[in-house]
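> A single structure is presented below for examination.
Residue numbers (the UniProt record's numbering): 1 to 313.
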């Protein structure tokens, strides 16, 4: 199967490059008239084999993809008590909307909108020592990506620090309702750092492979607990991972995934592997147009889906 995956990934990378203009013209582009950028793809299988295509070694900022890793750390620290602070439902509003917070009394609808991610980071700041709280997600990524160091994108750091008024407003609103316990500056520092993490497709797929370990084992309590937690993370990725494009993505691709405005998408096929794609041009929902199409092609050609078994050999 791995040899077949090599061929599939290479074919998709070639086809995406050849058809990029047509693919983006057919999508609902966030910015009309932009020439397609590079495209990269990486697949990491359960035995940790790495298969790449296109510009898989081009780094990009994780942005909202890092919210998945922060949520994993929070669930490890608090378990399901996390969901007393943040909901588990799609929002139906933009990722940076403050309207939802007013409707829900300061409880964000899910961990992947900005308000929810800030609440998750607040949990990490509460739970971790002062010397760990700002770099927890950075350290997590460094470990799982198997890299010695993780670069941070300076433009993201600058933009969040200088233009983070809306995020700070969300934190003030949550604090008013008793749902923010830490110093907002500390929460903001940790949140900005996780958004600014730079990885390429190879590193992102490696980092996300932990999510594919979903097989229950009642005879091994620790393994079983991990599998249960991964299923919860993947459920949230499936329902909320692409904001208002989550339903469309579920139908087209059929895999849990999380996108970021840096152009990356991390998708997971339980007990099969992790797939990372990247291309910079986004649709109206903030998802990479070429990335979504590539994952649709990959799912079609492999049969990888949470809605059915892989393709008949």
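Ideal placement from N, C-alpha and C gives every residue a C-beta, glycine not left out.
Predicted model only: the values in this text are computed from it and were never measured.
Between the alpha carbons of residue 267 and residue 118, how many angstroms are there, rounded?
23 angstroms
> Since I believe residue 153 is in contact with residue 212 (beta carbons under 8 angstroms), could you give me their beta-carbon distance rounded to a whole number of angstroms?
Not a contact, Cβ separation roughly 27 angstroms.
> Using only CA atoms, which one of 296, 251, 2 lies nearest to residue 49?
2
> Check whether the region 108-123 touches the region 23-41, counting contact only when three or more Cβ pairs, one atom from each stretch, lie closer than 8 angstroms.
They do not touch, by the three-pair rule.
> If you drop the 5 nearest sequence neighbours on each side, which residues of the same chain put their C-beta closer than 8 angstroms to that of residue 178?
Same-chain partners within the cutoff: 106.
> Excluding the five sequence neighbours on either side, which residues of its own chain have a C-beta within less than 7 angstroms of the C-beta of residue 305, listed in chain order?
Taken in chain order, the residues that qualify are 254, 255, 299.
> Measure the C-alpha to C-alpha separation of residue 56 and residue 292 and round it to an integer number of angstroms.
16 angstroms
> Cα separation between residue 147 and residue 22?
36 angstroms
> Going by DSSP in three states, residue 306 sits in which element: helix, strand or coil?
It is coil, neither helix nor strand.
> Compare the C-beta of residue 233 with all C-beta atoms of chain C and state if any pair is closer than 9 angstroms.
Among the chains of the structure shown, chain C does not appear; only one protein chain is present.
> Can you tell me the Cβ-Cβ gap for residue 319 and residue 273, rounded? I've got them flagged as a contact below 8 angstroms.
The structure shown has nothing for residue 319, since the chain only spans 1 to 313.
> With the cut-off set at 9 angstroms, would you say residue 12 and residue 231 are in Cβ contact?
no
> If I measure Cβ to Cβ from residue 137 and keep anything under 6 angstroms in the same chain, skipping five residues before and after, which residues do I get?
66, 69, 70, 194
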